[in-house]
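In the UniProt record's numbering, the protein residues as written are 1 to 198. Don't be surprised by glycine CBs; every beta carbon is placed ideally from N, CA and C.
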């Protein structure tokens, strides 16, 4: 769509198109009625303006550099986020390799948890991780409560169960609060075995 109208005109074109419920011919008539002193766009301009705005978020036509700029901004946001994030490894032997630890030191500085790292992997850590003490067991119970009849059935059960769990805010809050109780219990027994009472 060549840039032949001002942003104000494109805004009015889009508004009138919506006012006419997406009927481009009716939009031409309505636009002419509302703005008698303006040049009246062709009906295709109404639908193209709407599609351009919906698909690209801009009245301006895309050019080859827009994708590059958008990708660069997205990459910078991800890198900025990573500069403040932590990573936690689970003690797998491959994570302890010098090459892996050197890479983590270089890319995460003092923000990684694991064997041989700046922050050691905590004792009894499966008891401290919601994925281990809650999610997997709960998901397994929900998914396999009755016999699974096909791969599609299994996938659908997993999707439904996760969605249900995500929307159970009270249960999510209970699990989140449980992390602190578990950490304190682990500290109390100095990393030795402990049992949580629910």
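Query                                                                                                                                                                                            : Result
Mapping the DSSP letters down to three states, classify residue 103 as helix, strand or coil.                                                                                                    : helix
Three or more C-beta pairs under 8 Å: does that hold for the segment 16-24 against the segment 67-84?                                                                                            : no
Can the beta-carbon of residue 136 be found closer than 9 Å to that of residue 111?                                                                                                              : no
Could you tell me which uninterrupted alpha helix (DSSP H) segments, each at least 4 residues in length, are contained entirely in the segment 13-54, listed from first to last along the chain? : 24-34
Start and end of the alpha helix (DSSP H) containing residue 160?                                                                                                                                : 151-166
So, is residue 2 buried or exposed, given that buried needs 16 or more other C-beta atoms within 10 angstroms?                                                                                   : The predicted model places residue 2 with a pLDDT of 49, which falls under 50 and marks its position as unreliable; any figure quoted below should be read in that light. Classification of residue 2: exposed, given that the 10 Å Cβ count is below 16.
Roughly how many angstroms separate the alpha carbons of residue 80 and residue 88, rounded to a whole number?                                                                                   : 19 Å
So, at 7 Å on beta carbons, what are the nonlocal neighbours of residue 188 in its own chain, with the 5 sequence-adjacent residues on each side left out?                                       : none
Got a sec? Which residues, its chain only, sit under 6 Å from residue 35 by beta carbon, not counting five neighbours each side?                                                                 : none
Given 8 Å as the limit, is there contact between the segment 176-195 and the segment 128-142, that is, 3 or more CB pairs closer than that?                                                      : yes
Under three-state DSSP, which class holds residue 146?                                                                                                                                           : coil
Under 8 Å by Cβ, that's how I've got residue 117 and residue 104 pegged, so tell me the actual separation to the nearest angstrom.                                                               : 7 Å
Which first and last residues belong to the alpha helix (DSSP H) in which residue 84 is found?                                                                                                   : Note, residue 84: premise wrong, no alpha helix (DSSP H); not H, not E.
Could you confirm whether any beta carbon from chain B is found closer than 9 Å to the beta carbon of residue 26?                                                                                : Looking for chain B here will not work: only one protein chain is present.
Pull up the distance between the alpha-carbon of residue 51 and that of residue 40, whole angstroms please.                                                                                      : 19 Å
Suppose you measure from the CA of residue 106 to the CA of residue 93; what does that come to, to the nearest Å?                                                                                : 20 Å
Give me whichever residues DSSP pairs with residue 119 in a beta bridge.                                                                                                                         : 113
For residue 88, does the three-state DSSP call read helix, strand or coil?                                                                                                                       : strand
State the Cα-Cα distance for the pair residue 102 and residue 174, rounded to the nearest angstrom.                                                                                              : 37 Å
Nearest-angstrom Cα distance between residue 47 and residue 17?                                                                                                                                  : 7 Å
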